[in-house]
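Sequential numbering from 1485 applies to the sequence shown in this note's numbering. By construction, the Cβ of each residue, glycine as well, lies at the ideal position given by its N, Cα and C atoms. Heads up, the thing below is written out as structure tokens.
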Amino acid sequence: MSHKILVTGTAGFIGYHLAEKLISEDNIVVGLDNINNYYDTRLKYDRLQKAGIVPDQISDGREIQSTRHKNYRFIKLDLEDRKNVFKLFRDHRFDRVCNIAAQPGVRYSLENPDAYISSNIMGFMTILEACRHFRIKHLVYASSSSVYGLNRELPFSTRQNVDHPISLYAATKKSNELMAHTYSHLYRIPVTGLRFFTVYGPWGRPDMAPFLFTRSIIEKKPIKVFNHGQMKRDFTYIDDITEGVWRTLNRVPQEDPSWTAENADPSRSQAPYKIYNIGNNNPCGLLTFIETLEQELGLKADKIMMPLQPGDIPETRADISDLIQDTGYSPATPLKKGIRQLVQWYKNYYKI
């Protein structure tokens, strides 16, 4: 069954891939992004161009028809612009909303905290209000594995308490989950939060380790290896993420009358509310990741060992039992295959 879906953040890494996935499933998609300069905007415009959005036609508030997909339109718009976001909802009458837009980055949140409050809190508030007033049938939004913070019990489970974030970025994502639950409870809006685990792949973000390492190794520049290499991450390939979003988008959460506050499961509620992890469920040591990247590139990395950085979690691993049980889906792209796809894209994109 096809739907009319708003996807925010479609000039970004995950949002671009998600829009492509939803279009391929015969949905009508409207993409939204403010195209900020957190990293090189050329990469953002090139993602949009790949999706058939002509960069020269992009201007604030103007909807553009894709030249590649008849069921895809794009608008440059800031989520904090409540008036025009509401107009967009009024004009299109979306069935579902996928809120992927956010100010990302753990370390950048130490330098520019205001950007996180503006985008991740105020922007998300606009989305919730629009979903309330225009009776959206399902809101799916991006949370993050960063919310697990000081938790040390592995694998990370959505049933665990996540009240101890260690970065402002993580705190804003935890705030999104609380805000979403409040609106789900008050207005019976079905909402699903997705905690993504270290996403990588083609068209990735230049501020993330997989992209940074690839670029530096090719350019024969040293790479910074934090926590002296004693880091583990549940690296999750981008196609596994988009498939997981698609599966959960089609599973609208229901009220759970058996839920009680005395034996509370944070991942569900008496409201139509649910949280899932989407991760590979197979953590990889950072040094193993670098070694696999070296093998694919045929080059050796010059490593500079660094201490653990403020806001970083030493190890992540996703418990995806709920995702498997409810959707029948389990991310399974092998690391070597995912890195090969990343390297091939990088060499093609930068003409190496």
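Who are the near neighbours of residue i in its chain, counting only those whose CB is closer than 6 Å to its CB and skipping five residues on each side?
i: Thr-1698; result: Tyr-1830
i: His-1553; result: Ile-1507, Gly-1536
i: Arg-1557; result: Val-1514, Glu-1547, Gln-1549
i: Gln-1587; result: Ala-1599, Tyr-1600, Ser-1603, Asn-1604
Let me check understanding here. Comparing Cα to Cα, which of the options lies closest to residue i?
i: Thr-1676; options: Arg-1557, Leu-1807, Lys-1488; result: Leu-1807
i: Phe-1497; options: Pro-1741, Arg-1731, Ile-1725; result: Ile-1725
i: Lys-1489; options: Ile-1673, Arg-1574, Leu-1506, Ile-1548; result: Note on identity: in this sequence residue 1489 is Ile, with Lys being the wrong assignment. Measuring from the Cα of Ile-1489, the nearest candidate turns out to be Leu-1506.
i: Lys-1534; options: Asn-1520, Gln-1541, Tyr-1523, Thr-1551; result: Thr-1551
i: Ile-1772; options: Pro-1741, Gln-1754, Val-1709, Glu-1746; result: Before going on, a small fix: residue 1772 reads as Thr here, not Ile. Of the listed residues, the one whose Cα sits closest to Thr-1772 is Val-1709.
i: Lys-1704; options: Lys-1787, Asp-1540, Asn-1555, Leu-1502; result: Lys-1787
i: Asn-1766; options: Thr-1720, Glu-1746, Tyr-1523, Ala-1755; result: Thr-1720
i: Phe-1618; options: His-1576, Lys-1835, Thr-1656, Asp-1749; result: His-1576
i: Met-1715; options: Ile-1542, Thr-1610, Ala-1693, Asn-1583; result: Ala-1693
i: Thr-1656; options: Pro-1597, Val-1624, His-1622; result: Pro-1597
i: Gly-1545; options: Thr-1744, Met-1609, Ile-1519; result: Ile-1519
i: Asp-1565; options: Thr-1610, Glu-1727, Arg-1643; result: Thr-1610
i: Cys-1768; options: Pro-1756, Lys-1658, Asn-1521, Pro-1798; result: Pro-1798
i: Asn-1511; options: Cys-1582, Pro-1588, Thr-1817; result: Cys-1582
i: Val-1624; options: Pro-1539, Ile-1774, Gln-1587, Pro-1756; result: Pro-1756
i: His-1665; options: Asp-1749, Leu-1638, Gln-1779; result: Asp-1749
Given a cut-off of 8 Å, decide if residue j and residue i are closer than it, judged by their beta-carbon atoms.
i: Phe-1695; j: Gly-1688; result: yes
i: Leu-1792; j: Pro-1686; result: no
i: Lys-1560; j: Asp-1517; result: yes
i: Tyr-1600; j: Ser-1630; result: no
i: Arg-1717; j: Leu-1770; result: yes
i: Ser-1603; j: Leu-1678; result: no
i: Gly-1713; j: Met-1663; result: no
i: Ile-1537; j: Phe-1578; result: no
i: Arg-1752; j: Thr-1811; result: no
i: Ile-1707; j: Ala-1785; result: yes
i: Leu-1612; j: Tyr-1667; result: yes
i: Gly-1607; j: Leu-1670; result: no
i: Val-1646; j: Asn-1660; result: no
i: Arg-1590; j: Ser-1651; result: First, the amino acid is wrong: residue 1590 is Val here, not Arg. In contact: Val-1590 and Ser-1651 (Cβ atoms closer than 8 Å).
i: Gly-1795; j: Leu-1594; result: yes
i: Gly-1499; j: Ile-1605; result: no
i: His-1487; j: Arg-1580; result: yes
i: Tyr-1834; j: Asp-1691; result: no
i: Tyr-1425; j: Glu-1727; result: Outside the displayed range of the chain (1485 to 1836) lies residue 1425, so it cannot be described from this structure.
i: Thr-1642; j: Asp-1723; result: no
i: Pro-1815; j: Asn-1747; result: no
Near residue i, what residues of its chain come up, given a Cβ to Cβ distance below 8 Å and the 5 sequence neighbours on each side ignored?
i: Leu-1781; result: Thr-1698, Ile-1701, Ile-1702, Val-1827
On the DSSP bridge list, what partners appear for residue i?
i: Cys-1582; result: Val-1491, Val-1624
i: Thr-1720; result: Val-1683
i: Ile-1512; result: Lys-1488
i: Lys-1787; result: Ile-1707
i: Cys-1615; result: For Cys-1615, which the question treats as bridged, DSSP gives no partner whatsoever.
i: Glu-1799; result: Lys-1716
i: Leu-1678; result: Ala-1626, Tyr-1760
i: Gly-1769; result: Lys-1716
i: Arg-1752; result: Lys-1758
Using a Cβ-Cβ distance cut-off of 8 Å, determine whether residue i contacts chain C.
i: Lys-1571; result: Among the chains in the structure shown there is no chain C, since it carries only a single protein chain.
Using a Cβ-Cβ cutoff of less than 7 Å, which residues in the same chain neighbour residue i once the five nearest sequence positions on both sides are dropped?
i: Thr-1776; result: Leu-1819, Lys-1820, Ile-1823
i: Phe-1640; result: Ser-1629, Tyr-1632, Asn-1761, Thr-1800, Arg-1801, Ala-1802, Asp-1803
i: Lys-1758; result: Thr-1676, Pro-1737, Ser-1751, Arg-1752
i: Ala-1503; result: Val-1491, Thr-1494, Val-1513, Gly-1515, Ala-1535, Tyr-1556
i: Ala-1614; result: Val-1569, Phe-1570, Phe-1573
Next on the checklist: Quick check for students: name the residue ranges of the alpha helix (DSSP H) that lie wholly in the region 1497-1571, counting only runs of 4 or more.
Outcome noted: 1497-1508, 1525-1534
Checklist entry - Going along the chain, which unbroken runs of the alpha helix (DSSP H) with 4 or more residues stay wholly within the region 1631-1665? => result none
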